[in-house]
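Its first residue numbered 1, the sequence shown is counted upward by one per residue in the UniProt record's numbering.
Each remark here refers to the structure printed beneath this line.
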Amino acid sequence: MRFGLDYAAARPGGAAIRAAGFDFVVRYLSHGGPTLPGKLLTPAEADELRAHGVSIVSNWETTAARMLDGYGAGVVDARAGLAQVLRCGGREDRPIYFSADFDATPQDQQPINAYLDGAATVLGRANVGIYGGYWPVSRALDSGSATWAWQTDAWSGGNVETRRNIHQTLRQQIVGGVVCDVNVAETTDFGQWDFIQEADVTPEQEAVLRDIQIQLRGPGLSGWPQLGTDAEGRNRTLVDGVAAALARIGELEDEVGELRTEISELEATTADLTEQVQRLSGRNWPWPLSLIEGPAALVGEQLARLESKLPDLPGLPGHGAGTRDTSDSGALESRSTR
């Protein structure tokens, strides 16, 4: 048997709840407005409760007689409730109790059951619960519209629904300065988020599963401070940390691509500079002769070209020498013959 609280006026905090001897809470997934500022369970509160070992159970209630709006209202509220559960780190395979917070008559049962049927299309029948007095709770269980039961002593006339999972007593207690209703869990599994089916695992396996859960979600299932915080300021879980790391890797890959482009441009610039240095590091005339280095080189090239043509010019020594030698030899041969 475990003892817990439900509250809406403010949030007493996990440390105060444990100090008062309670270890679970039933928390609302809907806003309470200015008159009930502590009604809505927030992600920060859920993290703080888990950090102190306080189990969390889900409840949805807007107005007391909301369930009389029937099937469509059940669909809408179940969607909103599940979204808030997941936002606060809960599980989609855990029940949500929907409140019939009034003395419901037999005539009211049809729209109440229809509301629960609508919720079942979102959550699955196995995850639909009802809160209320003895009669609407019993009728919903009998019809199969609800699977879980949170019975309040109000409007119950002293009757006890033996199938109930949680019993809300008429006793209240101030915890952490907040007036809270006192509850008793009457089954091992009463819809708490952190429930693990003990019958299917050995104590050693359960310890391993809890260790894995802690490794994934951090101490108290409230994230790892070493992994930094998310946009809402909460510590990241291991999965959140991996996602953030992958995002950072993508950013770094983009930065590496930009750096490669810059390196290529620098390499091209370096090649141009190297070519200029090589050109400038060749043999140069000293100043002031360097002023005429270019024109002198041009004159030298022209002179070399002129010298190469001199032997071919007529009237210059050496021009036609080969022809004259041949003629003289022929004349001598002629005279000798004569």
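Note that the Cβ used here is the ideal one computed from N, Cα and C, for glycine as well.
- A straight line joining the alpha-carbon of residue 107 with that of residue 197 spans about 38 Å.
- Residue 266 has its alpha-carbon roughly 47 Å from the corresponding atom of residue 217.
- Here the alpha carbon of residue 6 sits roughly 25 Å from the alpha carbon of residue 122.
- In the structure shown, residue 154 falls within a coil segment according to DSSP collapsed to helix, strand and coil.
- DSSP, reduced to helix, strand and coil, places residue 132 within a strand of the structure shown.
- Here residue 159 is actually not in contact with residue 190; their C-beta atoms are around 20 Å apart, not less than 8 Å.
- Counting only the Cα atoms, residue 185 lies some 11 Å from residue 149.
- Residue environment analysis places residue 67 among the buried positions, since at least 16 neighbouring C-beta atoms fall within 10 angstroms of its C-beta.
- By the Cβ criterion, the stretch 91-100 is not in contact with the stretch 243-251, since fewer than three pairs of Cβ atoms, one from each stretch, lie closer than 8 Å.
- Minimum Cα-Cα distance from residue 27 among the listed residues 207, 222, 181 corresponds to 181.
- With respect to residue 33, residue 8 sits apart: the two C-beta atoms are not nearer than 8 Å.
- Counting only runs of 3+ residues, the beta strand (DSSP E) found wholly inside the UniProt domain "Rv2525c-like glycoside hydrolase-like" (16-173) occupies 24-28, 55-60, 96-99, 128-132, 148-152, in chain order.
- For residue 181, the enclosing beta strand (DSSP E) begins and ends at 178-185.
- The alpha-carbon separation between residue 275 and residue 254 amounts to approximately 32 Å.
- In terms of Cβ geometry, residue 129 and residue 104 do not form a close pair [threshold 8 Å].
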